[in-house]
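All remarks here apply to the structure that follows.
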Amino acid sequence: MVILDTLTVYKSAKAAQALNEKGAWFLFLPPCSPNLNPIEMAFSKITAHLRAAAARTFKALANVLASICNLFDRTECWRYLKAAGYASD
Numbered sequence: 042m043v044i045l046d047t048l049t050v051y052k053s054a055k056a057a058q059a060l061n062e063k064g065a066w067f068l069f070l071p072p073c074s075p076n077l078n079p080i081e082m083a084f085s086k087i088t089a090h091l092r093a094a095a096a097r098t099f100k101a102l103a104n105v106l107a108s109i110c111n112l113f114d115r116t117e118c119w120r121y122l123k124a125a126g127y128a129s130d
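For the sequence shown, the numbering used here begins at 42 and goes up steadily by one.
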């Protein structure tokens, strides 16, 4: 058994045939919702910040990346975890 996530490139007929010939098979993990993943919630804010900054040089990009830590406070991080069901009151 080969356990994979649902990335499209993993869904290869040739790979499935090769595994089948060896007596193995793919087991795909169920798709997850980005709405339930606190990392995805934070990452969407980071990517919006990077796009808005429109950094076009290495130095500008380094400055924008350095400012990312200031985007999140403890309360916001807690809300991400709570909304995803990882924390209680």
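For each residue, glycine too, the CB sits at the ideal point set by N, CA and C.
Proximity below 7 Å, CB of residue i to CB of residue j
i: residue 127; j: residue 82; result: no
Residue i versus residue j: straight-line alpha-carbon distance, rounded
i: residue 50; j: residue 64; result: 21 Å
i: residue 69; j: residue 80; result: 22 Å
i: residue 101; j: residue 53; result: 40 Å
i: residue 116; j: residue 104; result: 24 Å
i: residue 67; j: residue 59; result: 11 Å
Candidates the options: closest to residue i by CA position
i: residue 46; options: 110, 103, 73; result: 73
i: residue 108; options: 124, 118, 44, 87; result: 87
Coil, strand or helix - residue i by DSSP
i: residue 68; result: strand
i: residue 45; result: strand
i: residue 53; result: coil
i: residue 78; result: coil
i: residue 99; result: helix
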